[in-house]
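Notes to accompany the following structure.
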Amino acid sequence: MSTAVAIDTALATEIRVRPTWRAQLSICRFDHWVKNVFVLPGIVVGAAGLGHWGGLWSQALLGLLSVGLISSSNYVLNEILDAPFDRLHPKKRFRPIPAGKASVRLAYAQWLIFMAAGFGVACAVSGAFTTTMAALWLMGIVYNVRPLRTKDVPYVDVLSESINNPIRMLAGWYITANPGIPPASLLASYWMVGAYFMAVKRFAEYREIANPLLSAAYRRSFAHYNERRLLVSIMFYAASAMLTFGAFLARYRLELILAFPFVALVMTVYLQLAFQPDSAVQHPEYLYRDFRLMTAVISCAAVLVALMIIDVPLLYVIFSPKYSGFAPHLH
Numbered sequence: 119m120s121t122a123v124a125i126d127t128a129l130a131t132e133i134r135v136r137p138t139w140r141a142q143l144s145i146c147r148f149d150h151w152v153k154n155v156f157v158l159p160g161i162v163v164g165a166a167g168l169g170h171w172g173g174l175w176s177q178a179l180l181g182l183l184s185v186g187l188i189s190s191s192n193y194v195l196n197e198i199l200d201a202p203f204d205r206l207h208p209k210k211r212f213r214p215i216p217a218g219k220a221s222v223r224l225a226y227a228q229w230l231i232f233m234a235a236g237f238g239v240a241c242a243v244s245g246a247f248t249t250t251m252a253a254l255w256l257m258g259i260v261y262n263v264r265p266l267r268t269k270d271v272p273y274v275d276v277l278s279e280s281i282n283n284p285i286r287m288l289a290g291w292y293i294t295a296n297p298g299i300p301p302a303s304l305l306a307s308y309w310m311v312g313a314y315f316m317a318v319k320r321f322a323e324y325r326e327i328a329n330p331l332l333s334a335a336y337r338r339s340f341a342h343y344n345e346r347r348l349l350v351s352i353m354f355y356a357a358s359a360m361l362t363f364g365a366f367l368a369r370y371r372l373e374l375i376l377a378f379p380f381v382a383l384v385m386t387v388y389l390q391l392a393f394q395p396d397s398a399v400q401h402p403e404y405l406y407r408d409f410r411l412m413t414a415v416i417s418c419a420a421v422l423v424a425l426m427i428i429d430v431p432l433l434y435v436i437f438s439p440k441y442s443g444f445a446p447h448l449h
C-alpha cells in the first residue's frame with residue numbers, strides 16, 4: 119500500500135470502541151503539569167526583586183494550581199482538534215480521542231470546565247495574575263483553532279507555542295505580587311529558550327517519522343521543514359536565547375555569567391537526546407527520567423540560585439570598561 123493510500127485510509131477510518139472515564143480524564147494530561155516548573159523562575163526573580171519571601175507559599179500553590187488547570191484546558195482542546203492528524207502518527211494515534219476511547223462532546227465540556235476553574239483560582243491570586251492566565255488560555259486558541267492555528271505555519275508554530283514560556287514567567291512574577299514587570303531581556307531569553315526546546319522537539323519528531331509525505335500530512339509545517347532547516351532554526355533560537363540572557367545579566371546581575379557553561383551544558387545534552395530513537399524530547403513530561411539531563415538541569419539550577427544570592431565583586435572589576443582598556447564614549 120502506498121503512503122498516500124495509507125494516509126487516506128487512516129483519515130477515513132473511525133475506530134469504534136467504548137469511551138472510558140480513565141481515557142476521558144487522561145486527555146487533561148495531568149502528567150504534563152510538570153512543565154509548570156517554568157513558573158518557578160518567575161517566582162524566584164519576582165521575590166528577589168521584592169527582597170522577601172514571606173507569605174508566598176499559599177499564593178504559589180494557588181498560582182500553580184491555576185496554571186495547571188488552564189494548561190489542561192488547552193491540552194484538551196489540542197487533543198480534540200489534532201485527532202484527525204494524530205491518527206497518522208505512529209504513536210499519537212493511540213491517544214484517547216484518535217483511538218476512539220474518549221468522547222469529543224465530553225471533551226469540549228472539559229475544555230470549558232477547566233478554563234472556568236483555572237480562572238476561578240486565578241482570581242484568588244491577583245488581577246494581574248488572572249490577566250496572565252487569560253493570555254495563556256488565549257494562546258491555546260491561537261495555536262490550535264482555525265483560521266489562526268499557528269501550529270500549521272513553519273517557524274510561527276515554534277514561536278507561538280514557546281511564548282507560553284514568558285507567560286509562565288509572568289505568572290510566577292505576579293504570584294509574588296511584584297507590582298512591576300520582569301526585564302524585557304529576561305522575558306525574551308525565556309521565550310527563545312522555549313523556542314529552542316520546541317524546535318529540538320520538532321527535529322526529533324521529524325526524524326522519528328522519517329517520511330516527508332506522512333510528516334506533512336500529520337503536521338502541515340513539516341511540508342516546509344527538513345532536518346537541515348530545523349537544525350539551522352535550533353541554532354538561531356539557541357544564539358538568541360544566550361544573547362538576550364547576556365543582555366539581562368550585564369544589566370542586572372553580572373554574577374550569572376558564571377552560569378553560562380552550565381546553561382550551555384543543558385542545551386547540549388538536550389540536543390543530543392534528539393538524535394536517539396524514540397527520543398525523550400518528544401515527550402517532555404518524561405524528561406525527568408533521563409539521568410544525564412536531570413543532572414545537568416539540577417546543577418544549572420543550583421548554580422543560578424546561588425549566583426542570585428552570592429555577590430562576586432571581582433567580576434565587576436574584571437568586566438569594567440576601564441579595567442579592559444575599552445571605554446566607549448557615550449553621546
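The sequence shown maps to residues 119 to 449 in this note's numbering.
Glycine included, each C-beta is placed from N, C-alpha and C at the ideal position.
Determine, using beta carbons only, whether Ala317 and Ser351 come nearer to each other than 8 Å. Residue mapping note: residue 317 aligns to position 199 of the sequence shown, counting from 1. Residue mapping note: residue 351 aligns to position 233 of the sequence shown, counting from 1. Contact flag set, yes.
When Ala419, Tyr388, Arg136 are compared against Tyr404, the one with the closest alpha-carbon: Taking the sequence shown and counting its residues from 1, one reaches residue 404 at position 286. Per the Cα distances, Tyr388.
Apart from the five residues on each side of it in sequence, which residues of its chain come closer than 7 Å, Cβ to Cβ, to Pro272? The sequence position of residue 272 within the sequence shown is 154, counting from 1. Hits under 7 Å: Ser339, His342, Tyr343.
Euclidean distance between Cα positions of Leu288 and Asp396: Locating residue 288 in the sequence shown gives position 170, where the first residue counts as 1. Locating residue 396 in the sequence shown gives position 278, where the first residue counts as 1. Approximately 33 Å, taken between the alpha carbons.
Is it right to say Lys219 is buried, meaning 16 or more other beta carbons lie within 10 angstroms of its own, or is it exposed? What you label residue 219 is simply residue 101 of the sequence shown in a count that begins at 1. It counts as buried.
For a minimum of 4 consecutive residues, which ranges assigned as the alpha helix (DSSP H) are wholly contained in the region 381-428? 409-427
Taking the CB atoms as reference points, tell me whether Ile293 and Phe232 lie closer together than 8 Å. Working through the sequence shown from its first residue, we reach residue 293 at position 175. Working through the sequence shown from its first residue, we reach residue 232 at position 114. No, Cβ-Cβ distance for Ile293 and Phe232 is not below 8 Å.
Find out if the Cβ-Cβ distance for the pair Phe380, Val421 is shorter than 8 Å. As a first step, residue 380 must be located in the sequence shown, where it is residue number 262. As a first step, residue 421 must be located in the sequence shown, where it is residue number 303. Yes, Cβ-Cβ distance for Phe380 and Val421 is below 8 Å.
Report buried or exposed for Leu230, applying the criterion of at least 16 other Cβ atoms within 10 angstroms of its Cβ. If you number the sequence shown from 1, residue 230 lands on position 112. By the 10 Å Cβ count, Leu230 comes out exposed.
Only counting the same chain, and skipping five residues up and downstream in sequence, which positions put a Cβ closer than 6 Å to that of Ala235? As a position in the sequence shown, residue 235 is number 117, starting the count at 1. Closer than 6 Å at the Cβ level, and outside the excluded window around Ala235, lie Leu187.
Quick one, which of Val155, Ile161, Phe378 has its alpha-carbon nearest Trp175's? Along the sequence shown, read from residue 1 onward, the residue named residue 175 stands at position 57. Minimum Cα distance to Trp175 is reached at Ile161.
Looking at the secondary structure, which residues open and close the alpha helix (DSSP H) in which Val318 lies? Here residue 318 corresponds to residue number 200 of the sequence shown, with the count starting at 1. It spans 302-327 - the alpha helix (DSSP H) in which Val318 sits, taken as one unbroken run.
Under 8 Å, with one C-beta from each stretch per pair, do the region 323-337 and the region 277-287 reach the 3-pair mark? no
Can you check whether the CB of Pro300 is closer than 8 Å to the CB of Val163? The residue you call residue 163 lines up with position 45 of the sequence shown. The residue you call residue 300 lines up with position 182 of the sequence shown. Going by C-beta atoms, Val163 is nearer than 8 Å to Pro300.
Please tell me whether Met385 and Tyr308 are closer than 8 Å, where the distance is taken between their beta carbons. Working through the sequence shown from its first residue, we reach residue 385 at position 267. Working through the sequence shown from its first residue, we reach residue 308 at position 190. Their beta carbons are not under 8 Å apart, which means Met385 does not touch Tyr308 by this criterion.
Ignore the nearest five residues each way along the sequence and tell me which others in Val239's own chain have a CB closer than 7 Å to its CB. Along the sequence shown, one-based indexing puts residue 239 at 121. Leu180, Leu183, Ser184, Leu187, listed in sequence order.
Burial state of Lys209, where buried means 16 or more other Cβ atoms lie within 10 Å: Counting from one through the sequence shown, the residue named residue 209 turns up at place 91. Exposed: under 16 other Cβ atoms inside 10 Å.
Does DSSP put Leu206 in a helix, in a strand, or in coil? The residue you call residue 206 lines up with position 88 of the sequence shown. It is coil, neither helix nor strand.
Tell me the DSSP secondary structure of Ile125 in three-state form. Reading the sequence shown from its first residue, position 7 is the one you call residue 125. In this prediction, Ile125 scores a pLDDT of 43, lower than 50, which makes its location untrustworthy; the coordinate-derived value is nonetheless stated afterwards. Helix, per DSSP.
Rounded C-alpha distance that separates Glu279 from Gln400: Numbered from its first residue, the sequence shown carries residue 279 at position 161. Numbered from its first residue, the sequence shown carries residue 400 at position 282. Going from the Cα of Glu279 to the Cα of Gln400 covers about 14 Å.
Alpha carbon to alpha carbon, how far is Tyr434 from Ala242? Give it in angstroms, no decimals. Residue numbering aside, residue 242 sits at position 124 when the sequence shown is read from its first letter. Residue numbering aside, residue 434 sits at position 316 when the sequence shown is read from its first letter. For Ala242 and Tyr434, the distance between alpha carbons rounds to 42 Å.
Alpha carbon to alpha carbon, how far is Ala122 from Trp255? Sequence index remark: in the sequence shown, residue 122 carries index 4 (1-based). Sequence index remark: in the sequence shown, residue 255 carries index 137 (1-based). Bear in mind that a pLDDT of 45 at Ala122, under 50, signals an unreliable position, so the number given afterwards is only what the model happens to contain. Roughly 36 Å separates the two Cα atoms.
Taking DSSP as the reference, what is the three-state secondary structure of Tyr343? For the purposes of this step, residue 343 is taken as the residue at position 225 of the sequence shown. Looking at Tyr343 - three-state DSSP - the assignment turns out to be coil, as it is neither helix nor strand.
Applying the criterion that 16 or more other CB atoms from any shown protein chain within 10 Å of the CB defines a buried residue, is Ile428 buried or exposed? Stepping through the sequence shown from its first residue, residue 428 is reached at position 310. By the neighbour-count rule (16 or more Cβ atoms within 10 Å), Ile428 is not buried but exposed.
Could you check where the alpha helix (DSSP H) with Arg211 kicks off and where it finishes? Your numbering for residue 211 matches position 93 in the sequence shown. Looking at the DSSP string, Arg211 is not in any alpha helix (DSSP H), and its letter there is neither H nor E.
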